[in-house]
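Structure first, commentary second.
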Amino acid sequence: MASDSSPANINGGPSSPDDSYSSPIGNTFSSPGDGTRRRRGRRPSASPAFATPPHPHSRFAASETTPTPSEATPTPSSGRRRRGSRRASVSTPIATPSSTDEAPPSSEGEGDDMDEAPPMFVWGTNISVQDVNAAILRFLRHFREHPSHTEGKYMRAIHRVLEIEGESLDVDAHDVFDYDSDLYTKMVRYPLEVLAIFDIVLMDMVSRINPLFEKHIQARIFNLKTSTSMRNLNPSDIEKMVSLKGMIIRCSSIIPEIREAVFRCLVCRHYSDPIVVDRGRINEPTTCGRPECLAKNSMTLIHNRCRFADKQIVRLQETPDDIPEGGTPHTVSLLMHDKLVDAGKPGDRVEVTGIYRAMSVRVGPTQRTTYIDCLHLKKTDKSRMQAEDPMEVENGSGRNEEDTLLGYEDKVAQLKELSKQPDIYDRLTRSLAPNIWELDDVKKGLLCQLFGGSALKLPSGASFRGDINILLVGDPGTSKSQLLQYIHKLSPRGIYTSGRGSSAVGLTAYVTKDPETGETVLESGALVLSDRGICCIDEFDKMSDNARSMLHEVMEQQTVSIAKAGIIASLNARTSVLACANPSGSRYNPRLSVIDNIHLPPTLLSRFDLIYLILDKADEQTDRRLAKHIVALHFENPESLEQDVLDLPTLTAYVSYARKHIHPKLSDEAAEELTRGYVEMRRRGNFPGSSKKVITATPRQIESLIRLGEALARIRFSEWVEKRDVMEAFRLLEVALQQSATDHSTGTIDMDLITTGVSASERMRRESLVSTTRNIIMEKMQLGGPSMRLLELLEELKKQSSCSEAHLNDLRNALATLASEGFLSVHGDSVKRI
Amino acid sequence: MVGLPYDFMANPLGAVRLTFEKAMAAAEASGSDPANFDGKDWGVADLFRQFLFDNGGLSQVPVLNSTNFKRVQPNTLVRFRGMIQDMLGNELYVGVYKEGPNWRTNKFMDVSQFPMGSRPDMRVWERRLLYCVPVPGQNSWVEPSSEAVINCYRNGTSQQREKRQRDDNTATDPMELHVSDDEFQGSSSNKKLREGELPFESSKAQDFVSESACSSVSMVPTFDKDSLPCLVKIYDSPESDLKLNDVFEFVGVFTFDPELVVKDDTDEFSDLCDDVLANLPPSKVPRLHCLIHRKLAVHDFISNSPVMEVKPHLVKQIRESVLGHLTAVLGNDGLAAHFMLLHLLSRVNGRVDTLAVGKLSLNLTCFNKESVSVFGNQLTLAIMNLLPFTHRIPLTVDYLNSASLAPKKDYQLNRLVTGVLQLAEGSHLTIDETQLKAGTLNSVGVENARLLKNLMQLQKVEYDFKYYKMEMAADVQLLILSEGKSNILPADLVLPFQPSSVDSTEPVATEALEAWRWYLVTLRLLPNSIDPELQKVIEDDLVAARQADRTLSSQDFSRLLTMGRLMSLSYGETSLSLEHWQMVKELERLRRERLK
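Top line first, the protein sequences correspond to chains H and Y. For the first sequence, the residue numbers in the UniProt record's numbering are 1 to 834. For the second sequence, the residue numbers in the UniProt record's numbering are 1 to 596.
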């Protein structure tokens, strides 16, 4: 009965660090805010009672004997004993810090009064209790984020905790490191000991500020300098502070864990004093505590008066990206207490800081089970929609988790070195989908898309997107899908969907009802999921009109609006769209415009910055290259094919670093070039002496150009968009336009082809046809006279020199125009003038 | 071997101990800490490697299987051949501890040999737990060499008494052996497969096997369907060595300790200790502390494999006879036999991004109800006899809607529950689409269809980890039997099947069968190259073909080249010759003609 939870605690002897190996779960030491600690708040008043610094040995003895009810009053030493199991293993030395308590409670007296006491070391460590105590006190008092601040960061934090009556103080390990790297090292190496001291120091400070503050405040360390991968946890990490990232896969139900037990004597009904868990055990008093009674073996546990704390066991699993090829994810158990209980749900990605511990398993005394005694839990994405992510563009401040990775600096230096190479642009292009040969310009465009431009938000509220949208149109079998898949793999947050399968629901957010609770839940679709990423849409042309109409908003406003089930929400979808489409016929018909070929609404088409036509030209050279490529694929070592290219992780790191840290601006020179180039482009449309007005560039193109230029600067890790970037942007745009916006009848670029689907020359031809038809009808037909057959009219039309190639369809179109003018009426095949 | 103070076979731990003591003595002399041995080998591996491979001890080591594992002595040397089905993570154990003045080790043991209380002087080490199962789809003729089996029997009879005793002690009931199949989910899926087969066929398979195998392996008991999983504990081996779905032979110490049988505990902490192991009692899943492991390729499973060199004339001879056999099986359809041969030799020999180079899936069309029952079964049987690991999926709407094809992580058990598509490298999968009728697919069905399609096209299977999916590379030969061209499962090669005669296949001589098996598994692993001149010729051919027919895509080219490579492999040659290239083009022409 007495032993509540830990039958496995074989070695109940004096604690030594080894002890903790076998410490059973009941001993979870990190539990914050258990009842005993609360008691600490009252300590100042009680302090004279236990102030016995001259006899450290007696203190030893006191703490070694476990508290028994025979002690008439809860002496502070037993109180200390009780304060939670985290300390149990260091119970002896812990006593010492109280010597600070005895120092005159003057706020400035940190540490100096301890000089007289002989230095005390925690068994088996190099921790001098006094030193650590003083160091912590110094840190808490004096750490300032910024020299200009008058009050220390943590002093403010403590006050705030007091105000809100909180239970814990979050301590950023980076701050500790910055202030006192030695303390940081000790803390990580001997967390049990140092944290215990930390708590004591905190307690003292709190009691000085507000002696009436009842609650116990616990330090919660987070944001360690290094985070360990679950795979690399090994025996040497045991008893150290570690930080892990992973995904919660299972949470146990909440387990009540006994903290304080109260017994009652069956004989005299005397209640014992609360007995605190000691190393996972409750020691049942053998005799009644009342001097008058002293009955033996008469004590019985009174459940209702015991104090329990919440506990939960959570399993954490590696995230997919940490798993090496051919492995299965590793898992580790986490032990959560009090506030941390239910802090995470299955499916959450979290970063936890805790102490790695091991304990013996009943099944075999030689085996050990490991778990992490959790100190702090941080969700790395709160929900899918408001996720912190590596592609974060605007938010340059604040430490990102990536920065904390060991060797990050080296990595950055390496990337920067890489960026200085003169051929980095070509090299990156080569590294992009190296097994897809040719298509260099397309790859360059895709590269720009990966790097992206800078989003701009004006104070007026207007915002300009920085994302570059690309459409690939082409014949089947031209490895469009492969390109898409490659980009999808490369992009930090890529979503790959097929237009055929994705309804409006799949692409955008929708509302569902949770079948169990009946709660309405917003579930995000591909576009929202790929916020700040790239949404790859295969078979764009097969997409339903409904879904496509959603894309209008996404591609310009970068939001998705939904109004369903009474919820109206606008969700961010700051995503670049990479789409690929097949021509509506099986092959691209060069005689038709892009619009006719892919049957996409021009409104949508104009939102793509770059539209590439990947045509399978009947060209012997390309065929030969294809053949060579495939032969090489089959008969050569595939590895040797990839010459001098960056591997995927490097490429990804390069892209995400650039996206996060490089925010290029237009240089004056570049701006000038941009203006000049744009004017030039527009002028190209005006042929001297021609009435034909061709628009070769629209303001949308300027935006595209700026974005492309920014992306190109980012590729070089340059903060300035230079002239050459703008020139390259022009080239890319022209290459894309030449392929897609070429008016095949004149050979010039015509933006109207994209925006309306009808080229200027075509429009002129139609207009002349209409006027010719009008003339013919005026000549040949009388008002109200007999009607004329269409074919006859066509014959007449063909006699006219200007319309010798007229088709029946053209004629019909012309007649329809005239009919709408009220000039004539068409009944089936006959035309009648009215 | 005389004069050694320990017996490798009966007391491998003795060897471990002796080497440890020797190493300790050396370490102490140099003043280093025993903890330094963590993750290191102190000479045990070398010792056993020498015994097993250099001195030919391997064949004496009994192979653990479901029939003998109850009789094998604990703490003796055994071996186990199987596929890594799941990885159960790492286990910490007390590696060394101090017993009096001496250090002792617990390596390769479940329980320490000396009582160890709580000692300050101990070091915690780490080992990996792998859950291994016999290779899925292993055919009954694949048996470890017979001498080892005999050996284990001899071993068994001589120590009968002690063995009895052990059985009694464990208080495990003999029925457990049969119960064990819900333990091993793979077997249930096997069963599913078996149920799908026509009864006459499986009985025929048995006949066939006994017919062919009786000459050499009469001692072998009938292969138990409830094949034995095994929990292998790996020491000192880099993570990258052992991958999921790899097939390994583990040689190690078989441990069995009744104390370790987990009692039913309702303790709240069982959740933390969690134990996957709790679901795997030693009476059903033996433990093996691995001393030596080696990766097995398919050809290691060919028993009594004639150690043959790849001699051109011999290979040609065998090739002709295999082709003859396949032609007979396929009702005299020579063209189909040719393609079948290439198909059976194919394997993924490289991956470039999403592309799996070297796969050649075959879709035989024009099957109907009658012909599938005749030729389909003949064919399945023939493949079963030729390749060590084969599977057959009768594709129906019901099957698609209910089967669990992809392995799935069960977070309650913390185990990876296997699926039909968790297959070892080099497995063969026949999908019979002829029984597929019109019907509605539910979400499971759609998912399964997609999985199959991905396997066909990319040779990858997505494993379901509930919160995310993980792609695992596979290397499976896929054969599809269908009425028309299968659109659900687009194969590399589509060939209308045109049998001309229905003659029942005559029994095959054992020697011939063995030669064929050897031929198929050996030749497919040969390297292959192309010389620059021929490369030029091929390129010209391809360009010309494409100029003539614009619909030829890179997939078509890829297929032709794969066929070329396989064709030259089938002659045992390592370099593609013009002659073989011409043959491939001719085959392709004939195939296209049939398609019209």
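Cβ atoms here follow ideal geometry from the backbone N, Cα and C, with glycine treated the same way.
Should residue i and residue j be called a contact, given that it needs their Cβ atoms to be closer than 8 Å?
i                      : j      : result
H/I217                 : H/M230 : no
Y/I383                 : Y/F248 : no
Y/S570                 : Y/R294 : no
H/D310                 : H/V341 : yes
residue 838 of chain H : H/T817 : Residue 838 of chain H lies beyond the range of chain H shown here (1 to 834); nothing can be said about it.
H/G246                 : Y/L244 : no
H/A358                 : Y/V94  : no
Y/Q435                 : Y/P499 : no
H/K186                 : H/V132 : yes
Y/L489                 : Y/K466 : no
Y/S529                 : H/P324 : no
H/L244                 : H/T228 : yes
H/H270                 : H/C251 : no
Y/K359                 : Y/Q459 : yes
Three-state secondary structure (DSSP) at residue i?
i      : result
H/S31  : For H/S31, the pLDDT reaches just 39, beneath the cut-off of 50, and the residue's location in the model is therefore unreliable, although a value from the coordinates is still provided. DSSP places H/S31 in coil when its eight states are reduced to three.
H/E821 : coil
H/P320 : helix
Y/A25  : helix
H/F730 : helix
Y/P312 : helix
Y/E514 : helix
H/T185 : helix
Y/Y468 : coil
Y/C366 : coil
H/Y612 : strand
H/H146 : coil
H/L578 : strand
Y/F8   : coil
Y/K191 : No answer about Y/K191 holds up, because its pLDDT of 39 lies below 50 and its placement is not dependable.
Y/S371 : helix
Taking residue i as the reference, give the member of the options with the closest Cα.
i      : options                        : result
Y/P388 : Y/V537, Y/Y519, Y/E99, Y/P394  : Y/Y519
Y/R7   : Y/D46, Y/F51, Y/E21, Y/A26     : A small correction: the amino acid at residue 7 of chain Y is Asp; Arg does not occupy that position in the sequence shown. Measuring from the Cα of Y/D7, the nearest candidate turns out to be Y/F51.
H/E779 : H/R833, H/R731, H/E821         : H/R833
Y/T67  : Y/F80, Y/Q60, Y/L416, Y/N55    : Y/F80
Y/L566 : Y/L542, Y/S404, Y/L526, Y/N55  : Y/L526
Y/V63  : Y/F20, Y/V16, Y/V142           : Y/V142
Y/R71  : Y/N139, Y/F254, Y/S140, Y/D54  : Y/F254
H/Q312 : H/A343, H/Q782, H/R624         : H/A343
H/V277 : H/E257, H/G828, H/S181         : H/E257
H/P274 : H/L195, H/N304, H/Q421         : H/N304
H/N582 : H/R574, H/Q557, H/V554, H/I614 : H/I614
Can you round the beta-carbon distance between residue i and residue j to whole angstroms, since I take them to be within the 8 Å contact cut?
i      : j      : result
H/L811 : H/L797 : 6 Å
H/I715 : H/L428 : 6 Å
Y/T76  : Y/S346 : With a Cβ gap of about 41 Å, Y/T76 and Y/S346 do not count as contacting.
H/T603 : H/H634 : Not confirmed; about 45 Å, so no contact.
H/L472 : H/C580 : 4 Å
Y/G572 : Y/V315 : 3 Å
Shorter than 7 Å, the distance from the beta carbon of residue i to the closest heavy atom of the ligand ZN, or not?
i      : result
Y/K437 : Among the ligands in the structure shown, none appear at all, so the ligand ZN cannot be discussed.
Runs of alpha helix (DSSP H) lying entirely within the segment 494-574 of chain Y, each at least 4 residues, in chain order: Counting only runs of 4 or more, we get 510-523, 532-548, 554-570.
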